[in-house]
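Chains as they are written, first to last, in this note's numbering: chain A, 495 to 713; chain B, 1371 to 1709.
Using N, Cα and C, we set each Cβ at its ideal position, and we do this for glycine too.
Here's the structure we're looking at; comments come further down.
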């Protein structure tokens, strides 16, 4: 049974994982929160210390690991939209980590639509779970798939090259089909099966985390 | 930089410090409510002596701090007792300051006694050891240095702005008494124009008298508005700027700096504070303050994350502005981490 809980304040909790997001907070935070709730999460804490601002940092968000890893944080979940990934995501993320002095200690463990890297920075060892949303461009592609599966409504996918303006068009298409409030309601009502089919990378990583990788197990 | 570090023992809500609190030139204290931010500012505000007058109220600094928390008229407290400032109201509070590399000052506080120790003995011992084996004029040089060092504690100017709207109101009388300096330096015009950058109105200068007023410009006319009738943020900004510009404190302490200020006003205020050249310690809960500081990027600036254990022992972690910027760029809120 999955027992994950998403919090935005770690006070008094035994922290398991910190989320770093390369894309701002909406709708990732809402989706994560609801999936964790669906899994009836209570025990394993996922900490999302989000700001109200929206910085599209892409893989640069990984820079934060260098600051956090020496300060008792040793498990990270990195969520980034596919549009920031220009090559094989494993190579791009490994290279980014290398550029900030973080070494990948062990082979990358592939998950379904995600992967786990065991890393070290100096004497500090940590896990990094990576979720590439989209997987091609952005999490809105997954939201469109969810709408189709849950409501049986086909969102018109815009034509043309998949870039930032394509993403904006897709977002507008989604909004014309469903409001934010209604999307939240539908997500809450959805079955785990629909959520796992719609957001496979997030669910795959959360499932893997459940297998109880803990920093104390890193040798 | 005036104060290099300080250590607090049994003062207000802090039982002890895990390590001395190291200060930079510009310091931002952040942390949860009741973690000790104001206590650190209050401890610093007692420099150079708890027994000299506070700028605005004219009370001894120690009385001023005591009165911030326990209004004499509202509580049955012995006026001469300091026990309300002592951790759990009994024993001895101790604050040790390390200035410019030498521990030259500490304050110990018992229920009915304040003992400021200017560290004269330490200075004398250090000078005597240096005098041994030296000849004039080197000896005279050391004696001059000695005289300068024992003079310093009483000449240090420290301004503490607590989070207290009444204190801001009470500033008016003091500011009026400084009007000659303010007008001579042209501060009355500079401050009015600074305000224009962050409000919708236009002002041209501040005029003294009872009450202090500000000239508000309309498209074809002007009028005078009492400063105390402005919004509380504008009133606070004007008064603090006028006061600091005229008394030029070497150490500026501001509690909850963002209180009542729009983000644009915070930006103006921070830029102005940084350009003062004084050592500054501020406390905040505002992410706007952190964002603005990363944009302004002053040199020698650190953010201190304070955390108090259940046993009231204070510890802290220090992050540079570059590190804060990285966390903000990663869409994470630095205030939420338990460093």
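Q | Whether residue 576 (chain A) touches residue 553 (chain A) by CB criterion (8 Å) | A | Taking the first chain and counting its residues from 1, one reaches residue 576 (chain A) at position 82. Taking the first chain and counting its residues from 1, one reaches residue 553 (chain A) at position 59. Contact: no.
Q | Proximity test, Cβ basis, 8 Å: residue 561 (chain A) and chain B | A | Within the first chain, the letter at position 67 stands for residue 561 (chain A). Chain B, which has a Cβ nearer than 8 Å to the Cβ of residue 561 (chain A), makes this yes.
Q | Length of the line joining the Cα atoms of residue 1555 (chain B) and residue 1562 (chain B) | A | As a position in the second chain, residue 1555 (chain B) is number 185, starting the count at 1. As a position in the second chain, residue 1562 (chain B) is number 192, starting the count at 1. So the alpha carbons of these two residues sit roughly 14 Å apart.
Q. Checking contacts by CB at 8 Å: is residue 514 (chain A) closer than that to chain B?
A. Counting from 1 along the first chain, the entry for residue 514 (chain A) is found at position 20. Yes, residue 514 (chain A) counts as interfacial toward chain B.
Q: Go through its chain and collect everything with a Cβ distance to residue 656 (chain A)'s Cβ below 8 Å, but skip five positions before and after it.
A: Counting from one through the first chain, the residue named residue 656 (chain A) turns up at place 162. 577, 630 and 631, listed in sequence order.
Q | Euclidean distance between Cα positions of residue 1464 (chain B) and residue 1385 (chain B) | A | Taking the first residue of the second chain as 1, we reach residue 1464 (chain B) at position 94. Taking the first residue of the second chain as 1, we reach residue 1385 (chain B) at position 15. One C-alpha to the other measures close to 10 Å.
(Q) Give me the chain A residues within the contact set of residue 1698 (chain B), using Cβ-Cβ distance strictly less than 8 Å, ordered along the chain. (A) Counting from one through the second chain, the residue named residue 1698 (chain B) turns up at place 328. Here the neighbours are 545, 547 and 549.
Q: Starting from residue 623 (chain A), trace the alpha helix (DSSP H) both ways and give me its first and last residue.
A: On the first chain, position 129 is the one that residue 623 (chain A) refers to. Where residue 623 (chain A) is concerned, there is no enclosing alpha helix (DSSP H), although the beta strand (DSSP E) it sits in stretches over 618-627.
Q: Ignoring anything shorter than 3 residues or poking outside the segment 1558-1646 of chain B, list the beta strand (DSSP E) runs there in chain order.
A: 1573-1577, 1583-1587, 1592-1596 and 1621-1624
Q: Out of B:1635, B:1581, B:1558 and B:1640, state which residue places its alpha-carbon closest to the alpha-carbon of residue 1575 (chain B).
A: Position 205 of the second chain, counted from the start, is the residue given in the question as residue 1575 (chain B). Of B:1635, B:1581, B:1558 and B:1640, the residue nearest in Cα terms is B:1558.
Q. Any chance the segment 557-572 of chain A sits against the segment 610-625 of chain A, with 3 or more Cβ pairs inside 8 Å?
A. yes
Q.
What does the alpha-carbon distance come out to for the pair residue 1659 (chain B) and residue 648 (chain A)?
A. Reading the second chain from its first residue, position 289 is the one you call residue 1659 (chain B). Reading the first chain from its first residue, position 154 is the one you call residue 648 (chain A). Approximately 45 Å, taken between the alpha carbons.
Q) With distances taken between CB atoms, is the gap from residue 1452 (chain B) to residue 1436 (chain B) smaller than 8 Å? A) Translated into positions along the second chain, residue 1452 (chain B) becomes position 82. Translated into positions along the second chain, residue 1436 (chain B) becomes position 66. Yes.
**Q.** residue 1477 (chain B) vs residue 1420 (chain B) beta-carbon contact at 8 Å
**A.** Numbered from its first residue, the second chain carries residue 1477 (chain B) at position 107. Numbered from its first residue, the second chain carries residue 1420 (chain B) at position 50. Taking 8 Å as the Cβ cut-off, residue 1477 (chain B) and residue 1420 (chain B) qualify as a contacting pair.
Q | Below-8 Å beta-carbon distance, residue 1654 (chain B) vs any chain A residue | A | The sequence position of residue 1654 (chain B) within the second chain is 284, counting from 1. No, residue 1654 (chain B) does not count as interfacial toward chain A.
Q) When you compare only the Cα positions, how much space is there between residue 1458 (chain B) and residue 1411 (chain B)? A) Here the question's residue 1458 (chain B) lines up with position 88 in the second chain. Here the question's residue 1411 (chain B) lines up with position 41 in the second chain. Each residue's Cα considered, the two are about 19 Å apart.
Q | Within-8 Å CB hit, residue 1709 (chain B) to chain A | A | As a first step, residue 1709 (chain B) must be located in the second chain, where it is residue number 339. Cβ-Cβ to chain A under 8 Å: yes for residue 1709 (chain B).
Q: Using alpha carbons as the reference points, say which of A:508, A:506, A:532 and A:520 lies closest to residue 700 (chain A).
A: Here the question's residue 700 (chain A) lines up with position 206 in the first chain. It is A:532 whose Cα lies nearest to the Cα of residue 700 (chain A).
Q) Would you say the beta carbon of residue 1451 (chain B) comes nearer than 7 Å to a heavy atom of the ligand ADP? A) Ligands in the displayed structure: none, and consequently the ligand ADP is not present.
Q. For residue 1627 (chain B), which option in B:1616, B:1615, B:1610 and B:1618 has the closest C-alpha, if you only look at C-alpha atoms?
A. To locate residue 1627 (chain B), count along the second chain from 1; it is residue 257. Out of B:1616, B:1615, B:1610 and B:1618, B:1610 has the C-alpha closest to the C-alpha of residue 1627 (chain B).
Q) In whole angstroms, what separates the C-alpha of residue 677 (chain A) from that of residue 521 (chain A)? A) On the first chain, position 183 is the one that residue 677 (chain A) refers to. On the first chain, position 27 is the one that residue 521 (chain A) refers to. Rounded to whole angstroms, residue 677 (chain A) to residue 521 (chain A) spans 10 Å at the Cα level.
Q: Could you check which residue in A:529, A:501, A:499 and A:505 has the C-alpha nearest to that of residue 682 (chain A)?
A: On the first chain, position 188 is the one that residue 682 (chain A) refers to. Closest option to residue 682 (chain A), Cα to Cα, is A:529.
**Q.** Which of helix, strand or coil DSSP assigns to residue 1439 (chain B)
**A.** Residue numbering aside, residue 1439 (chain B) sits at position 69 when the second chain is read from its first letter. It is helical.
Q. Between residue 1664 (chain B) and residue 1698 (chain B), is the Cβ-Cβ spacing less than 8 Å?
A. Taking the first residue of the second chain as position 1, residue 1664 (chain B) is located at position 294. Taking the first residue of the second chain as position 1, residue 1698 (chain B) is located at position 328. Closer than 8 Å, so yes.
Q: Measure the alpha-carbon distance for residue 1514 (chain B) versus residue 1499 (chain B) and round it to whole angstroms.
A: Your numbering for residue 1514 (chain B) matches position 144 in the second chain. Your numbering for residue 1499 (chain B) matches position 129 in the second chain. Residue 1514 (chain B) and residue 1499 (chain B): Cα-Cα distance of roughly 15 Å.
Q) Hey, is the segment 1623-1639 of chain B in contact with the segment 1584-1598 of chain B, meaning 3+ C-beta pairs nearer than 8 Å? A) no
Q. Relative to the alpha-carbon of residue 1528 (chain B), which residue among B:1414, B:1603 and B:1655 has its alpha-carbon at the smallest distance?
A. Locating residue 1528 (chain B) in the second chain gives position 158, counting from the first residue. Of B:1414, B:1603 and B:1655, the residue nearest in Cα terms is B:1414.
(Q) For residue 1479 (chain B) and residue 1462 (chain B), I'd like the C-alpha separation in whole angstroms. (A) As a position in the second chain, residue 1479 (chain B) is number 109, starting the count at 1. As a position in the second chain, residue 1462 (chain B) is number 92, starting the count at 1. If I take the Cα positions, the gap works out to 5 Å.
**Q.** Any 3 or more C-beta pairs closer than 8 Å across the segment 498-514 of chain A and the segment 668-676 of chain A
**A.** no
Q: Tell me whether residue 1452 (chain B) sits in a helix, a strand or coil according to DSSP, three-state version.
A: Here residue 1452 (chain B) corresponds to residue number 82 of the second chain, with the count starting at 1. Residue state, collapsed to three classes: coil.
Q) If you count every other CB in all the chains shown that lies within 10 Å of the CB of residue 686 (chain A), and 16 or more means buried, which is it? A) Stepping through the first chain from its first residue, residue 686 (chain A) is reached at position 192. Looking at its Cβ environment, which holds fewer than 16 other Cβ atoms inside 10 Å, residue 686 (chain A) is exposed.
Q) In three-state terms, what does DSSP make of residue 1512 (chain B)? A) Counting from 1 along the second chain, the entry for residue 1512 (chain B) is found at position 142. Helix.
Q) Is any beta-carbon of chain A found at less than 8 Å from that of residue 1391 (chain B)? A) Within the second chain, residue 1391 (chain B) is the residue found at index 21, counting from 1. No - not a single Cβ of chain A is within 8 Å of the one on residue 1391 (chain B).
**Q.** Cβ-based contacts, 7 Å cut-off: residues of the segment 1656-1675 of chain B near chain A
**A.** 1657: these are the residues of the segment 1656-1675 of chain B whose beta carbon lies less than 7 Å from some beta carbon of chain A, given in chain order.
Q: Classify residue 1499 (chain B) as helix, strand or coil using the three-state DSSP reduction.
A: Locating residue 1499 (chain B) in the second chain gives position 129, where the first residue counts as 1. Note: residue 1499 (chain B) maps to helix in three-state DSSP.
(Q) If you reduce the DSSP assignment to three classes, tell me which class residue 530 (chain A) lands in. (A) Position 36 of the first chain, counted from the first residue, corresponds to residue 530 (chain A). Under the three-state reduction of DSSP, residue 530 (chain A) is assigned to helix.
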